[in-house]
Amino acid sequence: MVLTDNNFIFRLKGVLDFSCQFDSFNEAHTRSSISKAFQVLRSRISSESLVFIVCNSPILLWPNKSFHSTLDSLREDTPCRDVQQHIEVEDGARKSSKKRDKKDTGPVVVNLKLLMEVTEAGNSAALSLCRVMKKQRCVTVPLCMDCVIGAGGCDALGSVCAGLVAALHAQLSDMEETLLKYKKETTFPLPQPFHFQLPESDRLLTIIYPAGVSDDQLLSVREELHRKHCLLADRPYFRRSNAFHFPGEPYKDGYLRNPHTHLTAPSIDDAKLYVVRGVYSYHHYMQDRVDDNGWGCAYRSLQTICSWFLQQGYTERSVPTHKQIQQALVDVGDKEPSFVGSRQWIGSIEVQAVLNQLLGVNSKILFVSRGSELTSKGRELANHFQTEGTPIMVGGGVLAHTILGVAWSETSGQIRFLILDPHYTGGEDLQSITDKGWCGWKGPEFWDQNAYYNLCLPQTPKII
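Using the numbering used here, the first residue of the sequence shown is number 288, and each one after it goes up by one.
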């Protein structure tokens with residue numbers, strides 16, 4: 288599915304019940320039964336009983352019934368953008384027409400539900416019964432369908448619906464292939480769809496992975512995907528954690544993601560922006576019911592870095608707690624056992640050790656004897672964000688911050704630092720965080736000019 292020059296994503300979700308009966312001791316019969324069951328599902332989504340419901344609207348569409356709609360104003364040749372005016376969003380107890388934020392330049396997501404119309408038997412043939420003397424197994428599996436297509440606002444609604452029907456057929460075929468490949472004698476892995484955005488493009492690619500099979504076990508599948516799409520084997524693109532996050536869809540853990548994307552870049556002549564690549568979570572004081580105000584800033588910066596490695600697919604390990612960080616330092620011999628559970632602060636050297644111990648990530652340390660010298664490190668920082676793209680932890684005295692990027696002019700040497708401040712103690716209020724500078728662009732005066740600083744620059748492993 289390609290989104291280039293398209294400003295809409297139509298996303299269709301629903302459940303189809305897969306059911307088949309087979310002889311456990313006959314592999315050929317099992318495979319045949321599975322294929323026949325999928326053919327039944329393909330027949331269902333080709334029937335006139337297929338219904339699409341546009342979420343939060345009165346719109347029902349029958350794509351296979353000469354394009355029938357519950358609204359007379361929506362016809363097969365209607366521009367698909369006209370659907371948006373009928374969608375309502377909940378705003379507390381009040382409903383309002385869905386309006387797009389002027390700052391939002393991403394595609395509009397139109398969510399649809401997949402249902403099947405309940406019909407009477409009519410003049411269909413009478414039921415027939417057959418008696419099977421062999422011992423057989425019956426398997427019923429819910430298939431969670433999740434299809435996406437991109438569309439321009441002027442594209443006909445009929446063609447969009449036809450594209451979604453085609454996407455359903457393609458997804459069923461991919462699910463059949465996955466189930467046949469990964470099934471075992473006693474288990475049928477649930478096929479699950481994931482959407483991935485290819486690098487340097489707006490294209491979304493849907494991949495079916497079997498539930499219960501780890502990312503490590505799917506290495507050969509990812510290697511083939513990298514070859515097919517001409518991607519270097521130096522970073523993950525197709526792990527589950529790399530899946531595309533749809534605009535407007537909340538994150539379940541409650542942490543804010545990438546607050547820096549809501550900032551206006553500083554105005555510096557001839558300056559270029561060099562910023563963190565990918566997605567991270569903002570970790571700061573007082574989260575997770577831990578009162579670390581005054582001592583936990585480096586822990587929070589480390590958590591932000593760990594969240595980056597998790598969400599880029601370099602690790603499946605969850606973001607470590609304060610105690611897990613402390614235990615890791617004890618395990619590597621850096622601290623005494625009494626350190627665990629204490630309120631002692633850590634610095635960039637400890638952050639380096641924990642990243643290596645828990646994630647297997649190496650880091651470079653950049654030493655700066657005076658804060659005033661940070662202004663001369665533009666080239667090193669710009670190169671880091673170009674090549675590695677990871678957040679940087681910087682510690683000076685008893686304070687720690689996270690550097691997310693720099694705006695740097697190679698000709699004049701002028702520089703601004705994109706800072707994520709872990710000392711914030713409030714709730715997850717994006718506007719307050721950006722307006723009050725807890726995430727913001729800072730000048731050279733932000734640093735204590737006479738204090739020394741150590742910067743921990745995490746390096747990305749060359750894995751897929």
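Where is the CB? At the ideal position from N, CA and C, for every residue including glycine.
Exposed is the label assigned to Ser333, since fewer than 16 other Cβ atoms lie within 10 Å of its Cβ. Closest in C-alpha terms to Trp734, from the list Tyr586, Thr493, Ser656 and Leu466, comes Ser656.
Our two residues, Val638 and Phe704, have alpha carbons roughly 21 Å apart in a direct line. A Cβ-Cβ distance of about 12 Å is found for the pair Tyr572 and Thr591, leaving them out of contact under the 8 Å criterion. The alpha-carbon separation between Ile374 and Val397 amounts to approximately 9 Å. Pro537 is the residue among Lys664, Glu487, Pro537 and Ser344 whose C-alpha sits nearest the C-alpha of Glu715. C-alpha of Leu361 to C-alpha of Ala443: approximately 10 Å in a straight line.
Under the DSSP definition of a beta bridge, Phe475 lacks any partner. Note on geometry: alpha-carbon atoms of Ala520 and Arg526 lie some 13 Å from one another. Under the DSSP assignment, Arg703 falls in the beta strand (DSSP E) whose first and last residues are Ile702 to Leu707. Secondary structure of Asn643 (DSSP, three-state): helix.
Ile633 counts as buried, since at least 16 other C-beta atoms from the protein chains shown sit within 10 angstroms of its C-beta. If you look at Asn670, you'll find it in the alpha helix (DSSP H) that goes Gly665 to Thr674. In the structure shown, Ser650 adopts extended strand secondary structure according to DSSP, grouped into three states. Membership of His609 in the alpha helix (DSSP H) is indicated by the continuous run His609 to Asp618. Under the three-state reduction of DSSP output, Ser696 falls in the strand class.
Within its own chain, the residues whose Cβ lies closer than 7 Å to the Cβ of Arg630, once the five positions on either side in sequence are excluded, are Trp582, listed in chain order. Excluding its 5 nearest sequence neighbours in each direction, Ala498 has C-beta neighbours in its own chain below 8 Å: Pro476, Leu477, Pro478 and Gln479, listed in chain order. Look at the region 422–489 and you find these whole runs of alpha helix (DSSP H), each 4 residues long or longer: 444–469. When C-beta atoms of the region 689–702 are compared with those of the region 552–559, three or more pairs fall below 8 Å, so the two segments count as touching. According to the DSSP assignment, Val395 belongs to the beta strand (DSSP E) that extends over Val395 to Met403.
As computed with DSSP, Ser356 is found in a beta bridge with Leu348. For the 7 Å CB-CB criterion, Asn741 and Ser635 form a contact.
Counting along the chain, the unbroken beta strand (DSSP E) around Ala558 starts and ends at Ala558 to Val562. Counting every other CB atom within 10 Å of its CB across the protein chains shown gives Phe654 a total below 16, marking it as exposed.
One Cα belongs to His570, the other to Thr551, and the distance between them is close to 22 Å. In this chain, the alpha helix (DSSP H) harbouring Arg514 covers Leu506 to Lys515. According to the DSSP secondary-structure assignment, Leu717 is paired through a beta bridge with no residue. Spanning the alpha carbons of Ala640 and Gly393 requires a straight line of approximately 39 Å.
In this structure, Leu744 places its C-beta atom within 7 Å of the C-beta atom of His671. The alpha carbon of Gln599 has as its nearest neighbour, out of Ile652, Gly676, Gln574 and Asn649, the alpha carbon of Gly676. Straight through space, the alpha carbons of Gly301 and Leu402 are spaced by roughly 7 Å. Excluding the 5 residues flanking it on each side, Phe596 has same chain C-beta neighbours closer than 6 Å at Thr602 and Leu646, in chain order. Taking the Cα positions, Trp349 is about 21 Å away from Leu430. In this structure Ile652 is exposed. Its beta-carbon is surrounded by fewer than 16 other beta-carbon atoms within 10 angstroms.
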